[in-house]
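Data block below; observations after.
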Amino acid sequence: MHHSLEIITLHKPQSLTQTKTETETMAKSPETEHPNKVFGWGARDKSGVLSPFHFSRRDNGENDVTVKILFCGVCHTDLHTIKNDWGYTYYPVVPGHEIVGIATKVGKNVTKFKEGDRVGVGVITGSCQSCESCDQDLENYCPQMSFTYNAIGSDGTKNYGGYSENIVVDQRFVLRFPENLPSDSGAPLLCAGITVYSPMKYYGMTEAGKHLGVAGLGGLGHVAVKIGKAFGLKVTVISSSSKKEEEAINHLGADSFLVTTDPQKMKAAIGTMDYIIDTISAVHALYPLLGLLKVNGKLIALGLPEKPLELPMFPLVLGRKMVGGSDVGGLKETQEMLDFCAKHNITADIELIKMDEINSAMERLAKSDVRYRFVIDVANSLSPP
Ligand code: NAP
Ligand code: ZN
Numbered sequence: 001m002h003h004s005l006e007i008i009t010l011h012k013p014q015s016l017t018q019t020k021t022e023t024e025t026m027a028k029s030p031e032t033e034h035p036n037k038v039f040g041w042g043a044r045d046k047s048g049v050l051s052p053f054h055f056s057r058r059d060n061g062e063n064d065v066t067v068k069i070l071f072c073g074v075c076h077t078d079l080h081t082i083k084n085d086w087g088y089t090y091y092p093v094v095p096g097h098e099i100v101g102i103a104t105k106v107g108k109n110v111t112k113f114k115e116g117d118r119v120g121v122g123v124i125t126g127s128c129q130s131c132e133s134c135d136q137d138l139e140n141y142c143p144q145m146s147f148t149y150n151a152i153g154s155d156g157t158k159n160y161g162g163y164s165e166n167i168v169v170d171q172r173f174v175l176r177f178p179e180n181l182p183s184d185s186g187a188p189l190l191c192a193g194i195t196v197y198s199p200m201k202y203y204g205m206t207e208a209g210k211h212l213g214v215a216g217l218g219g220l221g222h223v224a225v226k227i228g229k230a231f232g233l234k235v236t237v238i239s240s241s242s243k244k245e246e247e248a249i250n251h252l253g254a255d256s257f258l259v260t261t262d263p264q265k266m267k268a269a270i271g272t273m274d275y276i277i278d279t280i281s282a283v284h285a286l287y288p289l290l291g292l293l294k295v296n297g298k299l300i301a302l303g304l305p306e307k308p309l310e311l312p313m314f315p316l317v318l319g320r321k322m323v324g325g326s327d328v329g330g331l332k333e334t335q336e337m338l339d340f341c342a343k344h345n346i347t348a349d350i351e352l353i354k355m356d357e358i359n360s361a362m363e364r365l366a367k368s369d370v371r372y373r374f375v376i377d378v379a380n381s382l383s384p385p
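Taking this note's numbering as reference, the numbering of the sequence shown is continuous, increasing by one, and the terminal residue is 385.
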């Protein structure tokens, strides 16, 4: 089996085990399978080019909230997916899982939200709600978990994401969006925010005064710097170039900056870090990063490069070090993270774009040329042709 499929089988069996359902579903056109016509932007093939796309969404059910989308962040996962980097993209795909909007319809069983509420939708929009993981508010590790896009939803049809006018989501997967969080720069917290917050909590990376390395200063990385500082950590950015140094220190609040191609500085930093959050989206060497850790140090990998990385045993064994992973976070913890960020005034640094600027934004994202998250001004720039 192709390695990425193995990973996905563990990580998200539903999209694979339900391909039959999907094939059946695909017999109907995306535009006519549901009653509600929706307009968005989607990719048709692995060129990844996004263009206007008409599809449909289910009627708002008893437990559902319909969200009119205001803003949607552009995660590197969106880019991996439109390019089929992991080998499991089912085209057409409408990406987008950092969604902030307004509830425009609520089903009769919906108690958490009312029409007019500002809400968030993140990476996950479905789970079995009865397994051990779901019982522990870890819907993100439910074997039936379904992603907001490029997955099959609970009704057996394909999910389309937030580069679109609206979305219909079960209330369990909708977040309250705290009042003082801006809708645009707050949107990336729904993926980037929870993805770095959850492992910091789970792996005990929150002890004030400890030293955190953040590898890769992109969407996830820059939020990790801010959350790390809010936990009272000493934060060092580990980057592939010196271009972001000034901003990282003077603007994002990092304590220091390491360029991986500077052997002298890398050598001087050996054995100085308690933890590293690795957000690098491409294949990279772990050896130099593991060297930066102290004895008992932990490297938590969040990035999902398209090929496996080499895991060098010597630094792990000789330093009793550990490498772990983490996948977004459960809904309860996502709410906790939003409230934490609201309290600490943590938002993403964003470049706001119009929907029709998405293809050039994706090209820049592929070159790590974004400060530090693109967010699409969906409500003001998405209009049917
Ligand atoms: P991003 O904004 O593109 O940031 C990734 C950063 O990695 C870049 O800014 C760059 O930082 C560094 N980088 C990129 N290519 C590199 C290379 N060839 N060598 C060394 N460094 C490189 O991406 P993101 O949205 O933060 O996502 C990062 C990764 O996490 C992606 O793989 C994404 O799919 C994954 N992800 C995982 C989860 C999860 O639940 N685990 C959730 C969301 C995203 P510098 O310029 O500082 O070097
Ligand atoms: Zn994401």
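Every residue, glycine too, gets a C-beta built ideally from N, C-alpha and C. Because the structure is a prediction, the values reported are computed rather than measured.
Quick one: is F55 buried, meaning 16 or more other Cβ sit within 10 Å of its Cβ, or exposed? As a first step, residue 55 is located in the sequence shown; it is residue number 55 there, counting from the start. The residue in question, F55, is buried, as its Cβ has 16 or more Cβ neighbours within 10 Å.
Expected contact under 8 angstroms - CB spacing of L217 and Y372 to nearest Å: The residue labelled residue 217 in the question sits at position 217 within the sequence shown. The residue labelled residue 372 in the question sits at position 372 within the sequence shown. About 7 angstroms; that satisfies the 8 angstroms criterion.
Near N180, what residues of its chain come up, given a Cβ to Cβ distance below 8 angstroms and the 5 sequence neighbours on each side ignored? Along the sequence shown, read from residue 1 onward, the residue named residue 180 stands at position 180. Cβ neighbours of N180 beyond the five flanking positions: A342 and N345.
Among D155, V169, V67 and V214, which one has its Cα closest to the Cα of L293? Along the sequence shown, one-based indexing puts residue 293 at 293. Answer by Cα proximity: V214.
Own chain, CB closer than 7 angstroms to Y149, minus 5 neighbours either side, in chain order: Start at 1 with the first residue of the sequence shown, and residue 149 comes out as number 149. Here the set comprises V93, V94, P95, G96, H97, N159, Y160 and G161.
Burial state of A103, where buried means 16 or more other Cβ atoms lie within 10 Å: Here residue 103 refers to the residue found at position 103 of the sequence shown. Buried: at least 16 other Cβ atoms inside 10 Å.
For C341, report the span of its alpha helix (DSSP H) as first-last. For this step, residue 341 is matched to residue 341 along the sequence shown. Counting along the chain, the alpha helix (DSSP H) containing C341 begins and ends at L331 to K343.
Have a look at V375, K367, A379 and I358 and flag the residue whose alpha-carbon is nearest the alpha-carbon of S51. By 1-based counting over the sequence shown, the position of residue 51 is 51. With distances taken between Cα atoms, S51 lies closest to I358.
Less than 8 angstroms separating the beta-carbons of D137 and L331? Within the sequence shown, the letter at position 137 stands for residue 137. Within the sequence shown, the letter at position 331 stands for residue 331. It is a contact, given that the beta carbons lie within the stated cut-off.
Ordered along the chain, which non-local residues of its own chain (more than five positions away) have a Cβ less than 7 angstroms from that of G61? The sequence position of residue 61 within the sequence shown is 61, counting from 1. Same-chain partners within the cutoff: G107.
Cutoff 7 angstroms; reference V295; Cβ partners in own chain excluding five residues on either side: As a first step, residue 295 is located in the sequence shown; it is residue number 295 there, counting from the start. Closer than 7 angstroms at the Cβ level, and outside the excluded window around V295, lie G319 and R320.
Could you check what DSSP says for R371 in three-state terms: helix, strand or coil? The sequence position of residue 371 within the sequence shown is 371, counting from 1. Looking at R371 - three-state DSSP - the assignment turns out to be coil, as it is neither helix nor strand.
Around ligand 2, Cβ to any heavy atom closer than 6 angstroms, ordered along the chain: C75, T77, H97, V123 and C191
Please name the residue, chosen from F314, E246, D356 and A224, that lies closest to I376 on a Cα-to-Cα basis. Looking up residue 376 in the sequence shown gives position 376. Closest by alpha carbon: D356.
Shorter than 7 angstroms, the distance from the beta carbon of L286 to the closest heavy atom of ligand 1, or not? On the sequence shown, position 286 is the one that residue 286 refers to. Checking the Cβ of L286 against ligand 1 gives no.
Ligand 1 and A151: does any heavy atom of the ligand fall closer than 7 angstroms to the residue's C-beta? Mapped onto the sequence shown, residue 151 falls at position 151. Answer for A151: no, Cβ out of range of ligand 1.
Is the beta carbon of K265 within less than 7 angstroms of some heavy atom of ligand 1? For the purposes of this step, residue 265 is taken as residue 265 along the sequence shown, with counting starting at 1. Checking the Cβ of K265 against ligand 1 gives no.
Near ligand 1: A43 beta-carbon under 7 angstroms from a heavy atom: Residue numbering aside, residue 43 sits at position 43 when the sequence shown is read from its first letter. No - ligand 1 has no heavy atom lying nearer than 7 angstroms to the Cβ of A43.
Cutoff 6 angstroms; reference A187; Cβ partners in own chain excluding five residues on either side: Working through the sequence shown from its first residue, we reach residue 187 at position 187. Hits under 6 angstroms: F71, G73, E98, V100 and V375.
Going by beta carbon distance, what residues of the same chain come within less than 7 angstroms of M266, once the five residues before and after it are set aside? Position 266 of the sequence shown, counting from 1, holds the residue named residue 266. Contacts found: L258, T260 and P288.
Less than 6 angstroms between C-beta atoms, sequence neighbours within five positions excluded: which residues of the same chain meet that for D117? Numbered from its first residue, the sequence shown carries residue 117 at position 117. A103.
beta-carbon A282 near ligand 1 non-hydrogen atom, thresh 7 angstroms: Locating residue 282 in the sequence shown gives position 282, where the first residue counts as 1. Checking the Cβ of A282 against ligand 1 gives yes.
Please tell me whether Y163 has its Cβ less than 8 angstroms away from any Cβ of chain D. No chain D appears in the structure shown, which is made up of a single protein chain.
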